[in-house]
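First the structure, in the form of structure tokens, and then the observations on it.
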Amino acid sequence: MPLQKQQLVHFLEEKFGLDPAELAEDTPLFSSQMIDSFAMVDLLMFIEDASERKLSPTDVNLDNLDSIGRILQFLDS
Amino acid sequence: MTSDTKEKGIVILGAPRSGTTLLRRLLDGHSAIACPGETNLLTACGRFLKSETLAQGLTIGVLQGLDFAGFSQDEVIARLRDFAFGFFRDHAAQTGKKRWAEKTALDVFYLDELEILCRDHVQYVCVQRHGLDVALSIEDLCRANGGYLSELHDYVRRFPCLLEAFSHAWVDLATALHEFTERHGGNTFTIKYEDLVTDPESNLREVFSFLGEEWEDGLIERALENKENLGLGDWKTYAKSKVDRGSIDRWRKLSQADLQVLGPIVNPALERCGYPALEWESDVSPAEARRRYEMGLLVQGVKDESPDSSRKEEPGDP
Chain W
443 MPLQKQQLVH FLEEKFGLDP AELAEDTPLF SSQMIDSFAM VDLLMFIEDA
493 SERKLSPTDV NLDNLDSIGR ILQFLDS
Chain R
353 MTSDTKEKGI VILGAPRSGT TLLRRLLDGH SAIACPGETN LLTACGRFLK
403 SETLAQGLTI GVLQGLDFAG FSQDEVIARL RDFAFGFFRD HAAQTGKKRW
453 AEKTALDVFY LDELEILCRD HVQYVCVQRH GLDVALSIED LCRANGGYLS
503 ELHDYVRRFP CLLEAFSHAW VDLATALHEF TERHGGNTFT IKYEDLVTDP
553 ESNLREVFSF LGEEWEDGLI ERALENKENL GLGDWKTYAK SKVDRGSIDR
603 WRKLSQADLQ VLGPIVNPAL ERCGYPALEW ESDVSPAEAR RRYEMGLLVQ
653 GVKDESPDSS RKEEPGDP
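Chains W and R, in that order, are what the protein sequence lines are.
Numbering (this note's numbering) for the first sequence: 443 to 519.
Numbering (this note's numbering) for the second sequence: 353 to 670.
This is the structure we're talking about:
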């Protein structure tokens, strides 16, 4: 089952205390410093676990992973 | 409020990076209390009084040495107390205030020595903060300073992982402080940093009640707007003109692998100090640890893409 938006939002809220109201699909997460590099590692681990997909080194970039929308689009591709 | 209380000095105690400088600024905002930036006076007294016991049982130190020369330990301590307290009294007089207060972050490393120096001549306000937030903040401080305070050298030598070293330091300091408050009962008041920044007025009212001082309206705003009372100490607080909760629960961003290592170190002291024990999901497998390491490397590459170059030197990079 593909990773759902609600799962991502729930993870960001529970793990990092982010306010879901401030999390639009295009809200930059890492480049805006909303989450730091520790949190980014946690997020990548979560994405791999929840999507059952192993990220390759070329997958890990801002284009694919810097917002909820980009993550979902990337996983859908 | 008794005349006895009014004559006493006030000593703020807490592990470095526990919010003691914030409390210092707030106490100094009271019209009756003068609390300068870190004087290091009591820390210096602690070092002066430090002794060591040799294997044969002989204790070597200034008290023991002067005792041989005919000066009783009580006399030496009384002279040292007058010396140190004299500066505090004079500073309070210079600022037109009735009472002195002192805060230096390293005092807590010398609790045994300060106990015999200050005894019940002062009131103690003790600050506790979550151990891992303290450890993370000390790590920030050391990175910013490019080195370690001498009181931390032993921890850094014994534990090559900095967060582990500073967690052990916090455990020792918080435990010693907790036991100190148990020994001194009614002469101490303990406040949690998290409570102070969540509800400053209610908690400060309790502090001032313990000190026998009246609450003063507008004290918090006045204290934090005062930019003239500069001194040594935590530089972060000088950037703040209001109390905020921004530094609470930083530890929640730590990985499960970190919590697995640090939890067993800090949990007993956390619980003793009134914090919930840390929990972690499960043991991190070697495969997961390796994958986290790989992810950490890949995130470094993402940081290079980031338009904000300041990200490239983020404290505590994984």
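The beta-carbon is built from N, C-alpha and C at its ideal position, and this holds for glycine as well.
- As for any alpha helix (DSSP H) of minimum length 4 sitting wholly inside the region 359-384 of chain R, the runs are 372-380, ordered along the chain.
- Remark: fewer than three beta-carbon pairs, one from each stretch, lie closer than 8 Å, so the region 368-379 of chain R and the region 430-449 of chain R are not flagged as touching.
- If you check the CB distance, valine 549 of chain R and aspartate 485 of chain R do not come in under 8 Å.
- For the pair asparagine 503 of chain W and valine 654 of chain R, the Cα-to-Cα distance works out to about 5 Å.
- With contact defined as three or more Cβ pairs closer than 8 Å, the region 601-617 of chain R and the region 445-464 of chain R are not in contact.
- Aspartate 569 of chain R has its alpha-carbon roughly 54 Å from the corresponding atom of glutamate 640 of chain R.
- The Cβ atoms of leucine 415 of chain R and leucine 393 of chain R do not sit closer than 8 Å to each other.
- In the displayed model, cysteine 387 of chain R falls within coil according to three-state DSSP, outside both helix and strand.
- In this structure the region 543-563 of chain R lies against the region 363-374 of chain R, because at least three pairs of beta carbons, one per stretch, are closer than 8 Å.
- A Cβ-Cβ contact shorter than 8 Å links arginine 624 of chain R with histidine 530 of chain R.
- Among the residues facing chain R, glycine 511 of chain W is not included, as its CB has no counterpart in that chain under 8 Å away.
- Secondary structure at alanine 421 of chain R: coil, using DSSP grouped into helix, strand and coil.
- Residue-level contact check: glycine 615 of chain R does not touch chain W, since none of the beta carbons of chain W fall below 8 Å from its beta carbon.
- The CB of glycine 648 of chain R comes closer than 7 Å to the CB of Val483 in chain W, given here in chain order.
- Within the model, the alpha-carbon separation for glycine 648 of chain R versus proline 499 of chain W is close to 11 Å.
- Threonine 542 of chain R has R/Cys478 as its beta-bridge partners, per DSSP.
- For the region 599-610 of chain R, residues whose beta-carbon sits nearer than 8 Å to a beta-carbon of chain W comprise Asp601, Arg604, Lys605, Leu606 and Ser607.
- From the listed residues R/Gly422, R/His505, R/Ala430 and R/Cys387, the smallest Cα separation to glutamate 467 of chain R is found for R/Ala430.
- When the five nearest sequence neighbours on each side are left out, the beta carbons in the same chain lying within less than 8 Å of the beta carbon of glycine 626 of chain R are those of Gln480 and Lys544, in order along the chain.
- Inter-segment contact for the region 445-453 of chain W and the region 485-492 of chain W is present: three or more beta-carbon pairs are separated by less than 8 Å.
- Among the CB atoms of chain W, one or more fall inside 8 Å of the CB of arginine 643 of chain R.
- Taken through DSSP and simplified to helix, strand or coil, threonine 411 of chain R comes out as strand.
- Secondary structure of glutamate 566 of chain R (DSSP, three-state): coil.
- Pairing leucine 463 of chain R with alanine 396 of chain R, the inter-Cα distance amounts to about 12 Å.
- Glycine 361 of chain R sits buried, since 16 or more C-beta atoms from the chains shown fall within 10 Å of its C-beta.
- Taken through DSSP and simplified to helix, strand or coil, alanine 629 of chain R comes out as coil.
- Within the same chain, Cβ atoms closer than 7 Å to the Cβ of aspartate 468 of chain W are found at Ser509 and Gly511, the five residues on either side in sequence being excluded.
- Looking only at W/Ile513, W/Glu494, W/Gly459 and W/Gln515, the smallest Cα-Cα distance to glycine 598 of chain R is reached by W/Gly459.
- When R/Ala526, R/Glu646, R/Val636 and R/Pro388 are compared, the shortest CA-CA separation from cysteine 478 of chain R is found for R/Ala526.
- Counting along the chain, the unbroken alpha helix (DSSP H) around arginine 510 of chain R starts and ends at 505-510.
- Chain W has a Cβ within less than 8 Å of the Cβ of valine 654 of chain R.
- With respect to alanine 492 of chain W, leucine 445 of chain W sits close: the two C-beta atoms are nearer than 8 Å.
- Looking only at R/Ile617, R/Gln612, R/Pro628 and R/Leu650, the smallest Cα-Cα distance to aspartate 635 of chain R is reached by R/Gln612.
- Distance from the CA atom of glutamate 553 of chain R to the CA atom of isoleucine 572 of chain R, rounded to whole angstroms, is 8 Å.
- Each of R/Tyr645, R/Val618 and R/Lys449 was checked against the Cα of serine 637 of chain R, and the nearest Cα belongs to R/Tyr645.
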